[in-house]
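Q: Before we start, here is the structure in question, set down as structure tokens.
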Amino acid sequence: MKHEFLRLIDVLGTITFAISGVSAAMQKRLDVFGILIIAFITAIGGGTIRDIMIGDLPVGWIRNINYSIVITIAAVVAIVFNSYIKNLGTTLFIFDSLGLGFFTVLGLQKGIATGLHPLICIALGTVTGCFGSVLRDISLNNIPLIFQNEIYATACIIGGAAYFLLLQSDLQKDWLEVIIIGLIFFIRVIVVRYKLAMPDLYAKVKKSDLQEFRE
Amino acid sequence: MKHEFLRLIDVLGTITFAISGVSAAMQKRLDVFGILIIAFITAIGGGTIRDIMIGDLPVGWIRNINYSIVITIAAVVAIVFNSYIKNLGTTLFIFDSLGLGFFTVLGLQKGIATGLHPLICIALGTVTGCFGSVLRDISLNNIPLIFQNEIYATACIIGGAAYFLLLQSDLQKDWLEVIIIGLIFFIRVIVVRYKLAMPDLYAKVKKSDLQEFRE
Amino acid sequence: MKHEFLRLIDVLGTITFAISGVSAAMQKRLDVFGILIIAFITAIGGGTIRDIMIGDLPVGWIRNINYSIVITIAAVVAIVFNSYIKNLGTTLFIFDSLGLGFFTVLGLQKGIATGLHPLICIALGTVTGCFGSVLRDISLNNIPLIFQNEIYATACIIGGAAYFLLLQSDLQKDWLEVIIIGLIFFIRVIVVRYKLAMPDLYAKVKKSDLQEFRE
């Protein structure tokens, strides 16, 4: 059961990451091929950077054709039904948050399997979950969203730390995965729901800027 | 004869890709060193991304010094004779299209040699042919041209599919390469000559934008 | 003694590269997490690209946790004491130039150890020294500074050529390293001190632009 749950999240996460790529690419009015490439970059970018940095080559999506098929179908459907997809905001947000949790756990486990330091594993989990969107934004000539005000990465880092804490307990591995995915999902939902944000570093600067503006 | 033909296309393709990098970099008024780097990125970027993703390391241009020499000479000549090169438009377009075909076939064959799925091989061929220009545009803070209205990638994909179809026949490998390079060349020339384009996804949106503008 | 000197430069260089990332990120008003990522990208980007291209994987900073710790502490200190750090301009410039020399030598030596052509080794040295800042600028949606008017890369290339010249002599390896680091440091300081620059390719163009402007 748990295995099928994890595989389902993998597929749903890949699909929603691809759809987020389609949306961003259509905002910049790319043509069909450009949209497809951005969908791919968003969906497989994080895992690709991780695999390259730890030397697990060829990278995952090259070895398993299923990712390409899922992403292509998701992108084509998202292009055709673009106006309908806008109404699925909440559903996509839920899938996206589940996918974030799943990909983070995947990155963590790959780091552990490679025998890396826990802090590096947490970094790899965060890269896996977040850097698809970083590549998407750089390709579209935007400053990456997660560098600015997203709680994405913070959820991954907390989830990663919790993973290593719970690893000390005698929890079964499958349950551990489900719990951490749930935790990352939960953090992200709570933050967006209650509009929490990291402390604003520039509060003072902005204020003085404003004063300068008034004078 | 055919081998020499292929080697010639490799050199001509590398040179024209490097020159396209020089042109783009000079439009952004980079200094000599910046232009040289962009020439390199454009000429070897696609093959470098391919080699990294399949794990064929060190990447090709690092193992074979000839590429660096050809690119450096091409870039220096293109900088010095920049105003003359603008008049070579048609010649460069022909070399560039031949190079696109050659690099795509190279990527296809590397994918096949690595034992990858045909669809992944086609993707690798497209990456080899097109992603030098993607890296060039991202480095110069432009949205990649091929994401917007270029037929570049479509020619690569069709060429890649034809390669696998013809692989079923008992055609000799050298001839197969020449035919696919010719096909990609032909598609690109026809499209640019008759100004064909992918269907415009945003036709409706643009129309209503216009109306809004008039009101 | 020389070993400790080299290790000190490694640490100081990493710290100043991280701080330059923090400064650039704060200018774009990123949040804490975004600043930290840019600090990392700037400090370990050059070495990461080098390691990936030559296939020395997992990349260096993943294998040695010390880099992550040094970068994180440097970034946090730089964020907290941001207004004080602005007054350290000269000190940071000295550390930064030493770091540039050290990282260039590191890249050169890795290339030699991999058995690559001297010109490729010089390119790898330059990539190691300079491409952290290239990735930083691309991530922040700027055209890379070193493509425009920095003397950074030229110092690395001259230092790399000198390294191979001195390798012919019977100089001790440790001294060779110290001398080349000193040379790169010296070139950079001289250039910035006396405001030297590469010849301006666009002098004529700018003039005619001006005339057009006046008419």
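Residue numbers (the working numbering), protein chains in the order written: chain A, 28 to 242; chain B, 28 to 242; chain C, 28 to 242.
Using N, Cα and C, we set each Cβ at its ideal position, and we do this for glycine too.
Remember, predicted model here, so these are calculated numbers, not experimental data.
Where does L33/A fall in DSSP's three states?
A: Helix, per DSSP.
Q: Is DSSP giving A108/C helix, strand or coil here?
A: Before going on, a small fix: residue 108/C reads as Phe here, not Ala. It is coil, neither helix nor strand.
Q: Under DSSP, the alpha helix (DSSP H) around Y221/B begins and ends at which residues?
A: It is not in any alpha helix (DSSP H) - Y221/B carries neither H nor E in the DSSP assignment.
Q: Cα-Cα, which of V104/B, T181/B and I42/B is closest to V219/B?
A: V219/B has its Cα closest to that of T181/B, out of V104/B, T181/B and I42/B.
Q: When you compare only the Cα positions, how much space is there between F212/B and F212/C?
A: Straight-line Cα distance between these residues: approximately 49 Å.
Q: Cα separation between I42/C and G72/C?
A: Approximately 13 Å between the Cα atoms of the pair.
Q: Is any beta-carbon of chain A found at less than 7 Å from that of L210/B?
A: Answer no: the Cβ-Cβ gap between L210/B and chain A never drops below 7 Å.
Q: Which residues in the same chain as G134/A place their Cβ atom closer than 8 Å to its Cβ, once the five residues preceding and following it in sequence are excluded?
A: Result list for G134/A: G73, G74, R77, C148, L151, G152, T153, V154, T155 and G156, in chain order.
Q: How is Q136/C classed by DSSP in three states: helix, strand or coil?
A: Helix at Q136/C.
Q: In chain B, which residues lie less than 8 Å from N169/C when you measure between Cβ atoms?
A: By Cβ distance, chain B contributes N168.
Q: Tell me the residue span of the alpha helix (DSSP H) that contains F174/B.
A: Where F174/B is concerned, there is no enclosing alpha helix (DSSP H), given that its DSSP letter is neither H nor E.
Q: Round the Cβ separation of L203/B and L194/B to the nearest angstrom and send it over; I've been treating them as touching at under 8 Å.
A: L203/B to L194/B, Cβ: 7 Å. Contact.
Q: Of all the CB atoms in chain A, is at least one closer than 7 Å to the CB of G73/B?
A: No, no contact with chain A.
Q: Below 7 Å on C-beta distance, what does K55/C contact in chain A?
A: Going along chain A in sequence order, the residues near K55/C (Cβ under 7 Å) are I170.
Q: Consult DSSP for L39/A and reduce its assignment to one of helix, strand or coil.
A: In the structure shown, L39/A sits in a helix (DSSP, three-state: H, G or I).
Q: Just the C-alpha distance for T53/A and G126/C, rounded to the nearest angstrom, thanks.
A: Checking the sequence, you will find Met at residue 53/A rather than Thr. Spanning the two alpha carbons is a distance of roughly 43 Å.
Q: Along the region 180-199 of chain C, what residues have a CB closer than 7 Å to any CB found in chain B?
A: If the cut-off is 7 Å between Cβ atoms, the region 180-199 of chain C has A180 and T181 near chain B.
Q: Give the list of continuous alpha helix (DSSP H) stretches no shorter than 4 residues that lie fully inside the region 42-129 of chain B.
A: You should have 59-81, 87-90, 92-107 and 109-112.
Q: If we call anything under 7 Å between Cβ atoms a contact, is I173/B one with Y179/B?
A: Result yes, Cβ atoms of I173/B and Y179/B sit closer than 7 Å.
Q: Are there 16 or more other CB atoms within 10 angstroms of the CB of V107/C, so buried, or fewer, so exposed?
A: Classification for V107/C: exposed.
Q: Can you pull the chain C neighbours of V86/B, defined as C-beta to C-beta under 7 Å?
A: In chain order: M80.
Q: Since I14/B meets chain A, which of its residues come closer than 7 Å, beta carbon to beta carbon?
A: Since the first residue of chain B shown is 28 and the last is 242, residue 14/B is not available in this structure.
Q: Indicate whether G128/C and I64/C have their beta-carbon atoms separated by less than 7 Å.
A: No, the Cβ-Cβ distance between G128/C and I64/C is not below 7 Å.
Q: Beta carbon of I46/C, beta carbon of A140/C: below 7 Å?
A: No, they are not a contact pair.
Q: Work out the CA separation of D164/B and Y113/B for me, nearest whole Å.
A: Sequence check: residue 113/B is Lys here, not Tyr. Going by the C-alpha atoms only, they are around 20 Å apart.
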